[in-house]
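Engineer:
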Amino acid sequence: MTTADKPLIEQGWLRALLYIIVSMALVFIALFGIGMVTALTGSTQFIEAGEESIGRFLLTYSIMTLVMIGLALLFRKWADRQPLVTMGFQWKQYRGQAIAGFFLGILLICIGTLALVAFKLLYFTSLEFDAGNFFSSLLLFVLVTFTEEIAFRGYILNNLMQSMNKWAALALSSVAFALFHATNPGAGLLPILNILVAGFLLGINYIFTKNLWFAIFLHFSWNFLQGPIMGYEVSGFAAPGLLQQTLKGSDLVTGGDFGFEGSVVCLFINLAATILLGAWYAGYRSKPTPVEI
């Protein structure tokens with residue numbers, strides 16, 4: 001490896017930490033600037049307390065997407081000195097895993113929802129379709145998925161794995177993922193624990209394949225089915241749903257205002273999925289490659 005090929009900063013963990021610090025600082029500055037402009041111009045559409053509209057969330061995440069993805073790509077070229085594709089964008093040999101991730105997200109949400117319906121804790125009351133909200137939500141969750149997966153798995157987890165054991169790297173990246181959601185509306189101990197476990201679930205494939213498509217498709221199907229289809233809040237944010245629902249019983253079980261991700265049902269389902277996937281990948285990857293004669 002020539003000097004030009006070596007990372008500008010040798011330690012992968014330090015590159016990941018610098019990325020977190022710089023990206024969060026830039027996001028804060030950008031959102032603060034938007035808030036100041038809207039306040040000075042008298043427009044409160046996106047800053048009124050308690051009004052987490054799809055429009056506000058879409059604006060916020062558009063800014064975060066530009067900052068977090070742009071910075072991750074810049075860091076990959078400048079600090080890591082690696083081709084962008086090495087973050088995990090290879091597609092051809094990973095199409096099957098992408099499809100598996102997509103249907104796993106659907107399966108997990110459906111299992112949890114059926115459990116709540118069976119115990120009469122959730123009722124679907126009506127069906128409403130608003131094309132504007134639906135397609136705005138589609139765009140929003142595409143942005144959410146790519147932003148968070150490129151940032152937390154493609155960049156942070158990837159670089160942490162260059163400095164430490166893959167399981168330790170997965171744990172630290174999952175903690176960062178959980179803390180990123182700690183200021184969401186309705187966030188508490190159980191919701192943050194669920195996000196932490198989701199970080200393990202989304203990253204378990206990556207530590208064995210270094211490919212993002214499984215996590216991208218899983219993350220998208222989970223969020224989109226959860227909010228715009230099923231009508232849950234998504235990580236504390238309201239997303240107008242195709243199905244209108246009513247929850248009854250303890251928030252500990254239903255998730256309350258945080259959505260399904262605030263539920264103990266979500267915790268058990270995602271823990272089980274993570275353990276099973278981890279065991280499968282560990283067993284599959286440990287098998288010797290057959291020698292052709």
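Per the working numbering: the sequence shown = residues 1 to 293.
Quick reminder that beta carbons are idealized off the backbone N, C-alpha and C, glycines included.
Using 8 Å as the cut-off, can you tell me whether the region 6-21 makes contact with the region 78-91, which would need three or more C-beta pairs spanning the two stretches below that distance?
Structural biologist: Segments in contact, yes.
Engineer: Assign residue 110 to one of two classes, buried (16 or more other C-beta atoms within 10 Å of its C-beta) or exposed (fewer than that).
Structural biologist: Exposed, since its Cβ has fewer than 16 Cβ neighbours within 10 Å.
Engineer: Which runs of the beta strand (DSSP E) spanning at least 3 residues fall entirely within the region 104-187, listed in chain order?
Structural biologist: Runs found: 122-127.
Engineer: Within its chain, find whatever has a CB closer than 6 Å to the CB of residue 43; leave out the 5 residues flanking it on each side and keep chain order.
Structural biologist: Because residue 43 sits at a pLDDT of 48, beneath the cut-off of 50, its placement in the model cannot be relied upon, and the following sentence gives the value as read from the coordinates. Correct list: empty, nothing qualifies.
Engineer: Please state if the CB of residue 11 and the CB of residue 173 are separated by a distance shorter than 8 Å.
Structural biologist: For residue 173 and residue 11, no; Cβs fall outside 8 Å.
Engineer: In its own chain, which residues sit with a C-beta less than 6 Å from the C-beta of residue 126, not counting the 5 before and 5 after it?
Structural biologist: Within the same chain, residue 126 has close Cβ partners 244.
Engineer: So, is residue 130 buried or exposed, given that buried needs 16 or more other C-beta atoms within 10 angstroms?
Structural biologist: Residue 130 comes out exposed.
Engineer: Relative to the C-alpha of residue 283, which residue among 208, 250 and 63 is closest?
Structural biologist: Nearest option by C-alpha distance: 208.
Engineer: I'd like the span of the beta strand (DSSP E) that includes residue 246, first residue to last.
Structural biologist: 243-247 is the extent of the beta strand (DSSP E) around residue 246.
Engineer: Using only the alpha-carbon positions, how far apart do residue 181 and residue 221 sit?
Structural biologist: One C-alpha to the other measures close to 19 Å.
Engineer: Using DSSP bridges, identify the partner residues of residue 237.
Structural biologist: According to DSSP, which records beta bridges pairwise, residue 237 is partnered with 234.
Engineer: For residue 27, which residues of its own chain have a beta-carbon under 8 Å away from its beta-carbon, when the five flanking residues on both sides are left out?
Structural biologist: 63, 64, 67 and 68.
Engineer: Which residue's Cα is closest to the Cα of residue 187: 237, 214 and 151?
Structural biologist: Checked all of 237, 214 and 151; the closest Cα to residue 187 is 237.
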